[in-house]
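For reference, the structure discussed in these notes is given below.
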Amino acid sequence: MHDDLIHLGLIDDADVVLDEAALALALPDHPRASREAFQGVFQAIADRLEAAGSEGLDARSQAELLAIVIGDEFGFVGDSATYDDPANTDMIQVIERRRGLPVSLSILYVAAARRLGWTANILDVPGHVLVLVGEEAVPVMIDPFRGGEPVDRDQLVALLTAMDPGRIAATNHIATMPNRAILLRLLMNAATRAEAAGDGRRALILYHRMTLVAPDSGHAWWERARLELTSGDIGAARGSLSAMLEITREPELRAKVSGILASLHA
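Here the sequence shown is numbered in numbering that gives the first Met the number 0, starting from 0 and rising by one per residue.
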(Lines of atoms letter the chains of each structure in order from A and count residues from 1; the text may use other names and numbers.)
(Lines give C-alpha, C1' and ligand atoms only; values in the text may rest on other atoms or scores of the structure.)
Protein backbone atom coordinates (compact mmCIF):
# COMPACT_ATOMS: atom_id res chain seq x y z
CA MET A 1 0.00 0.00 0.00
CA HIS A 2 2.95 2.32 0.50
CA ASP A 3 3.57 1.97 -3.24
CA ASP A 4 0.34 3.93 -3.73
CA LEU A 5 1.70 6.75 -1.57
CA ILE A 6 5.03 6.78 -3.37
CA HIS A 7 3.13 6.99 -6.66
CA LEU A 8 1.18 9.98 -5.31
CA GLY A 9 4.47 11.68 -4.54
CA LEU A 10 5.73 11.20 -8.08
CA ILE A 11 2.78 12.26 -10.24
CA ASP A 12 1.94 15.84 -11.21
CA ASP A 13 -0.27 17.69 -8.75
CA ALA A 14 -2.99 18.09 -11.37
CA ASP A 15 -3.17 14.31 -11.78
CA VAL A 16 -4.01 13.68 -8.11
CA VAL A 17 -7.61 12.46 -7.73
CA LEU A 18 -8.44 13.75 -4.29
CA ASP A 19 -10.90 11.19 -2.94
CA GLU A 20 -8.86 8.27 -4.32
CA ALA A 21 -5.72 9.77 -2.78
CA ALA A 22 -7.39 10.29 0.61
CA LEU A 23 -8.53 6.67 0.48
CA ALA A 24 -4.96 5.56 -0.26
CA LEU A 25 -3.79 7.47 2.81
CA ALA A 26 -6.27 5.60 4.99
CA LEU A 27 -5.88 2.08 3.59
CA PRO A 28 -2.61 1.21 5.42
CA ASP A 29 -4.56 1.48 8.69
CA HIS A 30 -7.28 -0.86 7.42
CA PRO A 31 -5.52 -3.85 5.82
CA ARG A 32 -8.77 -5.81 5.48
CA ALA A 33 -10.75 -2.98 3.91
CA SER A 34 -11.96 -3.34 0.35
CA ARG A 35 -10.64 -0.49 -1.79
CA GLU A 36 -13.28 -1.28 -4.39
CA ALA A 37 -16.13 -0.92 -1.90
CA PHE A 38 -15.12 2.61 -0.97
CA GLN A 39 -14.38 3.53 -4.56
CA GLY A 40 -17.94 2.38 -5.20
CA VAL A 41 -19.21 5.11 -2.87
CA PHE A 42 -17.31 7.75 -4.82
CA GLN A 43 -18.80 6.45 -8.05
CA ALA A 44 -22.29 6.21 -6.56
CA ILE A 45 -22.14 9.89 -5.62
CA ALA A 46 -21.04 10.84 -9.14
CA ASP A 47 -23.73 8.63 -10.69
CA ARG A 48 -26.42 10.20 -8.50
CA LEU A 49 -25.26 13.70 -9.43
CA GLU A 50 -25.37 12.79 -13.09
CA ALA A 51 -28.79 11.19 -12.81
CA ALA A 52 -30.14 14.28 -11.03
CA GLY A 53 -29.43 16.36 -14.10
CA SER A 54 -25.89 17.64 -14.10
CA GLU A 55 -25.78 18.95 -17.65
CA GLY A 56 -25.79 22.68 -18.41
CA LEU A 57 -25.96 23.87 -14.80
CA ASP A 58 -24.49 27.15 -13.65
CA ALA A 59 -22.23 27.28 -10.61
CA ARG A 60 -25.04 27.99 -8.17
CA SER A 61 -27.10 25.07 -9.42
CA GLN A 62 -24.06 22.80 -9.32
CA ALA A 63 -23.39 23.83 -5.71
CA GLU A 64 -27.00 23.22 -4.76
CA LEU A 65 -26.97 19.78 -6.35
CA LEU A 66 -23.75 18.83 -4.54
CA ALA A 67 -25.36 19.81 -1.24
CA ILE A 68 -28.53 17.85 -1.99
CA VAL A 69 -26.76 14.68 -3.08
CA ILE A 70 -23.74 14.58 -0.74
CA GLY A 71 -25.17 16.44 2.23
CA ASP A 72 -28.82 15.35 2.19
CA GLU A 73 -29.07 12.06 0.30
CA PHE A 74 -25.73 10.50 1.29
CA GLY A 75 -25.80 12.21 4.69
CA PHE A 76 -22.25 13.58 4.90
CA VAL A 77 -22.01 16.36 7.50
CA GLY A 78 -19.46 17.81 9.88
CA ASP A 79 -18.78 16.07 13.16
CA SER A 80 -19.36 18.96 15.54
CA ALA A 81 -20.02 16.64 18.51
CA THR A 82 -16.64 14.85 18.44
CA TYR A 83 -14.65 17.21 16.23
CA ASP A 84 -11.21 15.98 17.33
CA ASP A 85 -11.99 12.30 16.83
CA PRO A 86 -9.19 10.85 14.65
CA ALA A 87 -11.86 9.09 12.60
CA ASN A 88 -12.72 12.46 11.06
CA THR A 89 -9.41 12.51 9.17
CA ASP A 90 -9.58 8.89 7.97
CA MET A 91 -11.44 8.67 4.66
CA ILE A 92 -12.54 5.10 5.29
CA GLN A 93 -14.11 6.03 8.62
CA VAL A 94 -15.51 9.26 7.18
CA ILE A 95 -17.38 7.17 4.61
CA GLU A 96 -18.54 4.64 7.19
CA ARG A 97 -19.66 7.26 9.73
CA ARG A 98 -20.81 9.91 7.25
CA ARG A 99 -19.00 12.41 9.48
CA GLY A 100 -15.76 14.32 9.04
CA LEU A 101 -13.71 17.48 9.32
CA PRO A 102 -14.11 20.36 6.86
CA VAL A 103 -11.12 19.18 4.82
CA SER A 104 -12.16 15.52 4.55
CA LEU A 105 -15.72 16.44 3.55
CA SER A 106 -14.47 19.08 1.10
CA ILE A 107 -12.39 16.40 -0.60
CA LEU A 108 -15.58 14.43 -1.30
CA TYR A 109 -17.36 17.49 -2.73
CA VAL A 110 -14.49 18.62 -4.95
CA ALA A 111 -13.68 15.14 -6.26
CA ALA A 112 -17.33 14.45 -7.08
CA ALA A 113 -17.68 17.76 -8.91
CA ARG A 114 -14.53 17.16 -10.92
CA ARG A 115 -15.75 13.72 -11.98
CA LEU A 116 -18.58 15.47 -13.77
CA GLY A 117 -16.22 17.95 -15.40
CA TRP A 118 -17.22 20.84 -13.11
CA THR A 119 -14.74 23.36 -11.78
CA ALA A 120 -14.33 22.98 -8.03
CA ASN A 121 -11.53 23.84 -5.61
CA ILE A 122 -10.86 23.96 -1.89
CA LEU A 123 -10.33 27.40 -0.37
CA ASP A 124 -7.73 27.78 2.36
CA VAL A 125 -9.65 29.78 4.96
CA PRO A 126 -7.83 30.25 8.29
CA GLY A 127 -9.06 27.62 10.72
CA HIS A 128 -11.45 26.18 8.16
CA VAL A 129 -11.80 25.20 4.51
CA LEU A 130 -14.60 25.90 2.07
CA VAL A 131 -15.39 24.68 -1.43
CA LEU A 132 -15.47 27.05 -4.39
CA VAL A 133 -17.69 25.85 -7.24
CA GLY A 134 -17.56 27.35 -10.71
CA GLU A 135 -15.30 29.60 -12.71
CA GLU A 136 -13.52 32.55 -11.15
CA ALA A 137 -15.89 35.17 -12.58
CA VAL A 138 -19.05 33.80 -10.92
CA PRO A 139 -18.00 31.26 -8.28
CA VAL A 140 -20.16 30.00 -5.44
CA MET A 141 -18.79 29.14 -2.01
CA ILE A 142 -20.26 26.30 0.05
CA ASP A 143 -19.44 24.76 3.43
CA PRO A 144 -19.41 20.93 3.32
CA PHE A 145 -19.08 20.84 7.12
CA ARG A 146 -22.59 22.30 7.25
CA GLY A 147 -24.07 20.02 4.63
CA GLY A 148 -23.06 22.15 1.67
CA GLU A 149 -24.70 25.38 2.85
CA PRO A 150 -23.88 28.41 0.68
CA VAL A 151 -21.46 30.98 2.08
CA ASP A 152 -21.75 34.55 0.82
CA ARG A 153 -19.09 37.23 0.99
CA ASP A 154 -20.44 38.77 4.21
CA GLN A 155 -20.40 35.39 5.93
CA LEU A 156 -16.84 34.81 4.76
CA VAL A 157 -15.75 38.20 6.11
CA ALA A 158 -17.40 37.36 9.44
CA LEU A 159 -15.60 34.00 9.53
CA LEU A 160 -12.23 35.59 8.81
CA THR A 161 -12.80 38.43 11.26
CA ALA A 162 -13.67 35.92 13.98
CA MET A 163 -10.30 34.23 13.38
CA ASP A 164 -8.44 37.58 13.48
CA PRO A 165 -10.51 40.28 15.22
CA GLY A 166 -7.62 42.75 15.20
CA ARG A 167 -7.90 43.58 11.52
CA ILE A 168 -10.39 43.75 8.69
CA ALA A 169 -10.24 40.49 6.79
CA ALA A 170 -9.34 40.69 3.11
CA THR A 171 -11.36 38.16 1.15
CA ASN A 172 -9.63 38.80 -2.17
CA HIS A 173 -6.47 36.98 -1.14
CA ILE A 174 -7.87 33.62 -0.10
CA ALA A 175 -6.13 31.04 -2.22
CA THR A 176 -7.32 27.79 -3.68
CA MET A 177 -5.25 24.86 -2.45
CA PRO A 178 -3.19 22.57 -4.68
CA ASN A 179 -4.12 18.91 -4.40
CA ARG A 180 -1.03 17.90 -2.45
CA ALA A 181 -1.51 20.74 0.01
CA ILE A 182 -5.01 19.41 0.68
CA LEU A 183 -3.67 15.94 1.41
CA LEU A 184 -1.01 17.43 3.68
CA ARG A 185 -3.73 19.40 5.51
CA LEU A 186 -5.67 16.18 6.05
CA LEU A 187 -2.62 14.33 7.37
CA MET A 188 -1.50 17.29 9.48
CA ASN A 189 -4.88 17.37 11.19
CA ALA A 190 -4.46 13.70 12.06
CA ALA A 191 -0.82 14.04 13.17
CA THR A 192 -1.35 17.01 15.46
CA ARG A 193 -4.30 15.27 17.11
CA ALA A 194 -2.26 12.11 17.61
CA GLU A 195 0.61 14.00 19.20
CA ALA A 196 -1.73 16.03 21.39
CA ALA A 197 -3.14 12.73 22.65
CA GLY A 198 0.37 11.57 23.54
CA ASP A 199 0.69 9.12 20.65
CA GLY A 200 3.99 10.20 19.14
CA ARG A 201 4.41 6.88 17.36
CA ARG A 202 1.18 7.40 15.44
CA ALA A 203 2.14 10.99 14.63
CA LEU A 204 5.47 9.78 13.23
CA ILE A 205 3.67 7.28 10.98
CA LEU A 206 1.55 10.11 9.62
CA TYR A 207 4.52 12.42 9.02
CA HIS A 208 6.21 9.56 7.21
CA ARG A 209 3.18 9.36 4.91
CA MET A 210 3.41 13.10 4.34
CA THR A 211 6.98 12.79 3.11
CA LEU A 212 5.94 10.02 0.72
CA VAL A 213 3.01 11.96 -0.72
CA ALA A 214 4.76 15.35 -0.74
CA PRO A 215 8.53 14.74 -0.80
CA ASP A 216 9.13 18.47 -1.38
CA SER A 217 7.47 19.47 1.90
CA GLY A 218 10.23 20.74 4.15
CA HIS A 219 7.83 21.04 7.09
CA ALA A 220 6.90 17.37 6.86
CA TRP A 221 10.58 16.31 6.84
CA TRP A 222 11.30 18.61 9.79
CA GLU A 223 8.46 17.22 11.90
CA ARG A 224 9.40 13.68 10.96
CA ALA A 225 13.01 14.30 12.02
CA ARG A 226 11.87 15.87 15.28
CA LEU A 227 9.82 12.82 16.23
CA GLU A 228 12.55 10.45 15.09
CA LEU A 229 14.95 12.23 17.43
CA THR A 230 12.39 12.06 20.23
CA SER A 231 12.10 8.31 19.75
CA GLY A 232 15.90 7.94 19.76
CA ASP A 233 16.23 6.91 16.11
CA ILE A 234 19.25 9.08 15.27
CA GLY A 235 19.95 7.39 11.94
CA ALA A 236 16.41 8.00 10.69
CA ALA A 237 16.53 11.61 11.86
CA ARG A 238 19.76 12.15 9.93
CA GLY A 239 18.11 10.79 6.81
CA SER A 240 15.08 13.07 7.23
CA LEU A 241 17.20 16.15 7.86
CA SER A 242 19.41 15.33 4.87
CA ALA A 243 16.30 15.03 2.70
CA MET A 244 15.11 18.38 4.03
CA LEU A 245 18.46 19.93 3.19
CA GLU A 246 18.09 18.71 -0.40
CA ILE A 247 14.88 20.68 -0.92
CA THR A 248 15.47 23.74 1.28
CA ARG A 249 16.81 26.89 -0.37
CA GLU A 250 16.34 29.43 2.46
CA PRO A 251 19.85 30.21 3.81
CA GLU A 252 18.99 30.53 7.50
CA LEU A 253 17.01 27.32 7.53
CA ARG A 254 19.75 25.48 5.65
CA ALA A 255 22.26 26.66 8.23
CA LYS A 256 20.01 25.47 11.05
CA VAL A 257 19.51 22.03 9.51
CA SER A 258 23.22 21.72 8.70
CA GLY A 259 24.09 22.59 12.28
CA ILE A 260 21.77 19.92 13.67
CA LEU A 261 23.18 17.35 11.24
CA ALA A 262 26.72 18.23 12.30
CA SER A 263 25.81 17.77 15.94
CA LEU A 264 24.25 14.39 15.23
CA HIS A 265 27.39 13.22 13.42
CA ALA A 266 29.64 14.46 16.22
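Glycine included, each C-beta is placed from N, C-alpha and C at the ideal position.
What you are looking at is a predicted structure, and each value in this text was computed from that prediction instead of being measured.
With DSSP run on the structure shown, which of helix, strand or coil describes E134?
coil
V290 - DSSP class collapsed to helix/strand/coil:
This structure leaves residue 290 out entirely; the chain is present only between 0 and 265.
Does the Cβ-Cβ distance between A193 and R201 come in under 8 Å?
yes
Roughly how many angstroms lie between the CA atoms of H142 and S103, to the nearest whole one?
According to the sequence shown, residue 142 is Asp rather than His. In a straight line, the C-alpha of D142 is about 12 Å away from that of S103.
Spatial distance of A180 from D84 (CA atoms):
22 Å
In whole angstroms, give me the CA-to-CA distance for E249 and L48.
46 Å
Which word fits L159, buried or exposed, when buried means at least 16 other C-beta atoms lie within 10 angstroms of its C-beta?
buried
Residue-level contact to chain C via CB, T175, 8 Å cutoff
Going by chain labels, chain C is absent from the structure shown, which holds only one protein chain.
For G133, verify whether its CB is less than 7 Å away from any heavy atom of the ligand SAM.
With respect to the ligand SAM, the structure offers nothing, as it holds no ligand at all.
Spatial distance of P214 from A189 (CA atoms)
18 Å
CA-CA distance, E222 and Y206?
7 Å
Going by DSSP, what residues sit across from M140 in a beta bridge?
L131 and V150
Residue from L260, E251 and D232 with nearest C-alpha to A242
L260
Looking only at its chain, what residues have a beta carbon closer than 7 Å to the beta carbon of R113, apart from the 5 residues adjacent to it on each side?
A119
Sorted by chain position, which residues of the same chain lie with C-beta nearer than 6 Å to L7's C-beta, five sequence neighbours on each side aside?
A20 and V212
Alpha carbon of P30 to alpha carbon of D153, nearest angstrom:
45 Å
Among G116, V128, F41 and H218, whose alpha-carbon lies nearest the alpha-carbon of R145?
V128
Own chain residues within Cβ distance below 6 Å of Q61, not counting five before or after
W117 and V132
Using the C-alpha atoms, what's the distance from D198 back to D18?
26 Å
State buried or exposed for P125, treating a residue as buried only when at least 16 other CB atoms are found within 10 Å of its CB.
exposed
Give the straight-line distance between the Cα atoms of A86 and A195, rounded to the nearest whole angstrom.
15 Å
Can the beta-carbon of L244 be found less than 8 Å from the beta-carbon of R253?
yes
Per-residue burial, Y82 [other beta carbons within 10 Å of its own, 16 or more giving buried]
exposed
For E63, which option in M187, L203, G147 and A13 has the closest C-alpha, if you only look at C-alpha atoms?
G147
Quick one: grab the DSSP three-state call for R113.
helix
Where S53 and A13 are concerned, what is the direct C-alpha to C-alpha distance, given to the nearest angstrom?
23 Å
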